[in-house]
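One line per chain: the protein sequences are A and B, in this order.
Residue numbering for the first sequence is 688 to 1003, as defined by the working numbering.
Residue numbering for the second sequence is 2 to 159, as defined by the working numbering.
Even glycine gets a Cβ: it sits at the ideal position worked out from N, Cα and C.
Bear in mind the structure is a predicted one, so any value in this text is a computation, not a measurement.
Below is one structure, written out as structure tokens; the observations come after it.
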Amino acid sequence: MSGLITMDDLTNEEIIAILDDAERLLPVAKGELYLPLLQGRILGNLFFEPSTRTRMSFETAMKRLGGDVVNLGDVKTSSVVKGETLFDTIQMVDGYTDIIAMRHPRQGAAQYAQDSARVPILNGGDGAGHHPTQTMLDLFTIRQAHGRLDGLKVVLAGDLRYGRTVHSLSHALTRFDCELVFASPDLLRMPRDIVSDLEAHGAKITETEDLYSMMKDADVIYMTRIQKERFSDEDEYAKVAGAYKLHANDLNDVKANMIIMHPLPRVDEIHPSVDATRHARYFEQAFNGVVARMALLCKLLGVSVPKNVEKEGSAF
Amino acid sequence: MSNEHSMRRVTAIRNGTVIDHIPQGHAMTVLEMLGINDKTSVPVSLVMNVPSKKMGSKDIIKVEDRELTQGELDRLALVAPDAHVAIIRAYTVAEKMTINLGAEVVNVVRCTMSNCITSNQREPLPHRLKVMSRDPLQLRCHYCGRTQNLVELVKNVI
């Protein structure tokens, strides 16, 4: 069975169906209802790079659905430090599990793993490449707030060069005919090949360094962290660190229903004063990682989410 | 100018390979892709900017005492997918070889992205690049999705 490597692996109809499944699974994700749809199934969590939210939400998603999880654990104590290839690691975990969630520092690692495996691979981030499960929770959060995905104006701000979340998300939003604004320091602009690809698919894109002038008629502002770990040169990082610092005072003229999202962790790009505003949506977004991943696990394991979850599930 | 006339610009070879109909200006890249350089010991003749009815002008390479392998033909396909390759034995064309640039190029070149998973040379799966465009050549890595052109790929021949 094939997995989810990039958003191209899903049609728009499949995306909507998965978001609908996720919506119905909300009471299960919140722990209000027990629905062991994945009982007896095992998820292999292979995180070759640090992860808090993605790894934990995959684990929570699997366990909320009655499944189990085995972890690679710390890369420093695994066979990887002994020089094991990704191919060999996948052969082993493929035999232990029914599905694999993976994050790897190298681009293309998820596709490589899928080509090496029999079980489906869920790409939890491959270098600066793709992060489609994050995109699914982002789309879920946007639809939850606006009731739709089509035709929204979405501002993506910060590190657009190395930020894999914005790469996957902008592809998906283009498919739903959203207007995109890319706000970033020049050094961290969206890669040219991605912009060309988006434009070839009919994207309406504005590129700017001035985030603040683009906020007034935005429906979504998607902030990202400038990722220090992606810079080999400290001086280059220093030039762009702290490029954007969104404060509650900056939000006086924005649309009432505009939402601010962030894949987290944040550093200083969103001031804590924003947290208490009606626009802040990043903590709900992080929670939505559980419900979106529950729906994805079901989809890739070929398990249908019942139409009436309340009836099928049992209360604790 | 006839084809025979343009071929006579350099001496006929006894044994070896003639690569004709190379796009004008690409002969040097072909040599690089085939690993033919100042360390090559066999005689190599190169003719550039030869008038051609079909192509306007073209380049021709003759390599003596060496017959191209399938792997070399696959590399040649990236630079000159419409070139004609003839194997010469005892001054006559013994074999005409077909160049084929298909939808995917497998184990011919490596992805040029330094952070691609395939840059770990111990990983055993094949190097796979999809042909996005033939002219100008653009390939996309099956794994990381990076689009790359001939100038980048010449350095990454396997």
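If I measure Cβ to Cβ from residue 128 of chain B and keep anything under 6 Å in the same chain, skipping five residues before and after, which residues do I get? Residues of the same chain with a CB within less than 6 Å of the CB of residue 128 of chain B, apart from the 5 flanking positions on each side, are 108, 111, 119 in chain order.
Contacting positions in the segment 770-801 of chain A - beta carbon closer than 8 Å to chain B: Within the segment 770-801 of chain A, the residues whose Cβ lies closer than 8 Å to any Cβ of chain B are, in chain order, 770, 772, 773, 774, 791, 792, 793, 794, 795, 796, 798, 799.
My understanding is that residue 872 of chain A touches residue 896 of chain A, with C-beta atoms under 8 Å, so please give their C-beta distance in whole angstroms. Taking the Cβ atoms as the reference, residue 872 of chain A lies roughly 6 Å from residue 896 of chain A, within the contact range of under 8 Å.
Against chain A, does residue 120 of chain B count as a neighbour if the rule is that its beta carbon must be under 9 Å from one of theirs? By the rule that beta-carbons nearer than 9 Å mark a contact, residue 120 of chain B touches chain A.
Cβ of residue 143 of chain B less than 9 Å from any chain A Cβ? It does: the Cβ of residue 143 of chain B has a partner Cβ on chain A nearer than 9 Å.
Can you list, in chain order, the residues of the segment 719-732 of chain A whose Cβ is nearer than 9 Å to any Cβ on chain B? Of all residues in the segment 719-732 of chain A, none places a beta-carbon less than 9 Å from a beta-carbon of chain B.
How about the segment 823-830 of chain A and the segment 880-890 of chain A: do they share at least three Cβ pairs that are nearer than 8 Å? Taking a cut-off of 8 Å for Cβ pairs, the segment 823-830 of chain A and the segment 880-890 of chain A do not touch, as fewer than three such pairs fall below it.
Is there at least one non-hydrogen atom of the ligand MN closer than 8 Å to the beta-carbon of residue 125 of chain B? You won't find the ligand MN in this model; it holds no ligand whatsoever.
Show which residues of chain A have a CB atom less than 7 Å away from the CB atom of residue 116 of chain B. Within 7 Å Cβ-Cβ: 793, 794, 814.
Return helix, strand or coil for residue 53 of chain B, following the three-state DSSP convention. Residue 53 of chain B falls in the strand class under three-state DSSP.
Looking only at its chain, what residues have a beta carbon closer than 7 Å to the beta carbon of residue 3 of chain B, apart from the 5 residues adjacent to it on each side? Reliability of the predicted coordinates at residue 3 of chain B is poor, the pLDDT of 49 falling under 50, and no value is obtained from them.
For chain B, check one thing: does any of its Cβ atoms lie closer than 9 Å to the Cβ of residue 810 of chain A? No, residue 810 of chain A lies away from the interface with chain B (no Cβ there is under 9 Å from its Cβ).
By how many angstroms is the C-alpha of residue 22 of chain B removed from the C-alpha of residue 60 of chain B? Each residue's CA atom was taken as its position, placing residue 60 of chain B and residue 22 of chain B some 6 Å apart.
Just by C-beta distance, which residues in the segment 16-40 of chain B are closer than 9 Å to chain A? Of all residues in the segment 16-40 of chain B, none has a C-beta nearer than 9 Å to a C-beta of chain A.
Any idea what DSSP makes of residue 34 of chain B, helix, strand or coil? Judged by DSSP in its simplified three-state form, residue 34 of chain B adopts helix.
Taking buried to mean at least 16 other C-beta atoms within 10 Å of its own C-beta, is residue 159 of chain B buried or exposed? Around the Cβ of residue 159 of chain B, a 10 Å sphere holds fewer than 16 other Cβ atoms; the residue is exposed.
Delimiting residues of the beta strand (DSSP E) encompassing residue 899 of chain A: First-last for residue 899 of chain A: undefined, no H or E at that position.
Is the distance from the Cβ of residue 724 of chain A to the Cβ of residue 745 of chain A below 9 Å? Contact: no.
Check whether chain A comes within 9 Å of residue 126 of chain B, counting only Cβ atoms and requiring the distance to be less than that. For residue 126 of chain B, at least one C-beta of chain A is nearer than 9 Å to its own C-beta.
Run of the alpha helix (DSSP H) containing residue 922 of chain A, from where it starts to where it stops: Element bounds for residue 922 of chain A: 921-927.
Counting contacts by CB-CB distance shorter than 9 Å, is residue 765 of chain A in contact with chain B? The beta carbon of residue 765 of chain A does not come within 9 Å of any beta carbon belonging to chain B, so the residue lies off that interface.
If the cut is a Cβ gap below 8 Å, which residues of chain B does residue 880 of chain A touch? The CB of residue 880 of chain A comes closer than 8 Å to the CB of 147, 148 in chain B, given here in chain order.
Which partner residues does residue 910 of chain A have in the DSSP bridge list? Answer is A:844.
Beta carbon of residue 18 of chain B nearer than 9 Å to that of residue 88 of chain B: Their beta carbons are under 9 Å apart, which means residue 18 of chain B touches residue 88 of chain B by this criterion.
Determine the contact status of residue 910 of chain A and residue 953 of chain A, defining contact as a CB-CB distance below 9 Å. With respect to the 9 Å criterion, residue 910 of chain A and residue 953 of chain A are classified as neighbours on the basis of their beta carbons.
Please report the Cβ distance between residue 821 of chain A and residue 690 of chain A, rounded to the nearest whole angstrom; I am assuming they are in contact, meaning their Cβ atoms lie under 8 Å. Rounded, the Cβ-Cβ distance is 15 Å, inconsistent with contact.
Through-space distance from residue 773 of chain A to residue 912 of chain A, alpha-carbon basis: Rounded to the nearest angstrom, the two C-alpha atoms are 28 Å apart.
So is residue 123 of chain B buried or exposed if we call it buried at 16+ other beta carbons inside 10 Å? The residue is exposed, with fewer than 16 neighbouring Cβ atoms inside 10 Å.
Determine, for residue 123 of chain B, whether the minimum Cβ-Cβ distance to residues of chain A falls below 9 Å. Proximity of residue 123 of chain B to chain A, defined by a Cβ-Cβ separation below 9 Å, is satisfied.
Cβ closer than 9 Å: which chain B residues qualify as neighbours of residue 738 of chain A? Per Cβ cutoff of 9 Å: no residues; residue 738 of chain A is ~18 Å from chain B at best.
Count the other CB atoms, across all protein chains shown, that sit within 10 Å of the CB of residue 726 of chain A; report buried if there are 16 or more and exposed otherwise. Residue 726 of chain A should be labelled exposed.
Buried/exposed call for residue 934 of chain A, threshold 16 Cβ in 10 Å: By the 16-neighbour rule on beta-carbons within 10 angstroms, residue 934 of chain A is exposed.
Going by alpha carbons, who is nearest to residue 930 of chain A out of A:905, A:845, A:868? Comparing C-alpha distances from residue 930 of chain A to each of A:905, A:845, A:868 shows the shortest one belongs to A:845.
How would you label residue 701 of chain A, buried or exposed, when you count the other beta carbons within 10 angstroms and need 16 or more for buried? Answer is exposed; the Cβ neighbour count stays below 16.
Hey, is residue 2 of chain B's beta-carbon within less than 9 Å of any beta-carbon in chain A? With a pLDDT of 45 at residue 2 of chain B, under the threshold of 50, the modelled position of this residue cannot be trusted, and the question is left open.
The beta strand (DSSP E) enclosing residue 95 of chain B, as first and last residue numbers: Under the DSSP assignment, residue 95 of chain B falls in the beta strand (DSSP E) whose first and last residues are 93-98.
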